[in-house]
Amino acid sequence: MNFQQIGDAKAVNRAISQELKATLSYLKKSWSSSETYYRDKYPGWKKVPQFIKWLEFRTLDVIWGNGENTLKLLRAILVVHLLIAVYDTSQFGNPWDLKAYLGSLAVSPGVFFGISSPHPYPIWFSSIIAATRLVGFAFLTAILVKRFGRR
7 MNFQQIGDAK AVNRAISQEL KATLSYLKKS WSSSETYYRD KYPGWKKVPQ
57 FIKWLEFRTL DVIWGNGENT LKLLRAILVV HLLIAVYDTS QFGNPWDLKA
107 YLGSLAVSPG VFFGISSPHP YPIWFSSIIA ATRLVGFAFL TAILVKRFGR
157 R
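Residues 7 to 157, numbered by our numbering, are exactly what the sequence shown covers, in order.
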C-alpha cells in the first residue's frame, strides 16, 4: 500500500511478487514440513486442506501467475490451442501425419474463438472450449485491471 500511495508501480509489482512467493512457501510448508510450528498447527488430517490450498495456488500460478503474469496466461492459451489441435487430429485426421497436426493447429484459433468449426465436435468438447475461452478472457481482464489500476 505504501508503494501504491506514492505511485511507485514497479515497487508495487515487486512487493506483490514477494508476497506470492511467501504464500507459496507457507502453503507448501503447511502440509509438507516437519518443522515444529507447522507440525503443531497442522497435525494429521489438517494437512489435507492445506495441500488442496497449495495445489490450487500452484495451479493458478501455472495458468496465469496468480494474476500477475500475462506471459503465463498466453502460454496457457497456447497449450489449449495445442490440445485442440491434438484432439482434432486424433478424431478427424491422421494421427501419424505431422502435416495433419499443423493443419489442425492452423485452425485451432478459429475453434477457440468460436469463429469456425471445421468438424462436428461433440457438445462436451465445444462446451469445454467455450468455458476455457470465457475464463481466459476473465483472467486477461483481471490482469489488465490490476496492472493499469496501479498506475
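Glycine included, C-beta positions come from ideal geometry on N, C-alpha and C.
Remember, predicted model here, so these are calculated numbers, not experimental data.
Asked, Found
"Please state the DSSP three-state secondary structure of I129.", "helix"
"Between which two residues does the alpha helix (DSSP H) carrying F98 extend?", "T76 to F98"
"When DSSP labels each residue in this structure, what does W70 get in the three-state scheme?", "helix"
"For P115, report the span of its alpha helix (DSSP H) as first-last.", "L104 to F118"
"Kindly list the residues whose CB is nearer than 7 Å to the CB of K59, restricted to its own chain and excluding five residues on each side of it in sequence; keep chain order.", "L33"
"List the endpoints of the continuous alpha helix (DSSP H) containing Y48.", "Unbroken run through Y48: none, as it is neither H nor E."
"So, with DSSP's three-state summary, where would you put E41?", "coil"
"For E74, tell me which candidate among L140, A21, I135 and H125 has the shortest Cα-Cα distance.", "A21"
"Determine the DSSP secondary structure at P101, reduced to helix, strand or coil.", "coil"
"Tell me whether P3 sits in a helix, a strand or coil according to DSSP, three-state version.", "There is simply no residue 3 to check, as the chain begins at 7 and stops at 157 in what is shown."
"Using the rule of at least 16 other Cβ atoms within 10 Å of the residue's Cβ for burial, across every protein chain shown, is I135 buried or exposed?", "buried"
"For T29 and D67, what's the separation of their Cα atoms in angstroms?", "11 Å"
"What residue from Y127, F119, Y43 and L84 has the CA that sits closest to D94's CA?", "Y127"
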